[in-house]
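Only one structure is covered here, and it is reproduced in the block below.
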Amino acid sequence: MAPKRLDVRDDLREGREPFQRIMDFVDGLEPGESWELLATFRPDPLIRVMSRRGYRHAAEEWDDGTWCITFLAEAAAEGGQEA
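Mapping the sequence shown onto full-length UniProt numbering, position 81 (from 1) lands on 81, and the numbers just tick up by one.
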């Protein structure tokens, strides 16, 4: 199953802080579920927060300057059940 995706690029372009929106999104995921974030920059502070919450990540900058960060739940990364 493809990871759920959250796109916060418009929030960032319009000067809105997306952190609470991101946390609400993550809190709504099933245990072990992976997800992707689209942003206008590499969100290193968020990556650290997600690491403490048990997520590994892979970050990729696309040609248009978009950053796609895939967060993989540790249980899924270790071969456990993924939603």
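C-beta: ideal position from N, C-alpha, C; glycine also.
Inter-residue Cα distance where the pair is residue i and residue j
i, j, result
"Leu29", "Ala73", "11 Å"
"Gly65", "Thr40", "7 Å"
"Pro3", "Glu33", "7 Å"
"Pro45", "Asp11", "17 Å"
"Arg56", "Arg42", "15 Å"
"Asp27", "Arg13", "24 Å"
"Ile47", "Arg21", "15 Å"
"Phe71", "Ala58", "7 Å"
"Arg16", "Met1", "30 Å"
Neighbourhood of residue i by C-beta distance below 7 Å, restricted to the same chain and skipping five residues each side
i, result
"Cys68", "Glu36, Leu38, Glu60, Trp62"
Buried or exposed by the 16-neighbour rule on C-beta atoms within 10 Å, applied to residue i
i, result
"Pro31", "exposed"
"Met50", "buried"
Residue nearest to residue i in terms of C-alpha spacing, selected from the options
i, options, result
"Met23", "Arg13, Thr70, Arg53", "Arg53"
Contact set for residue i: own chain, Cβ-Cβ below 6 Å, skip 5 residues either direction
i, result
"Leu6", "Phe25, Leu37"
"Pro18", "Val8, Asp11"
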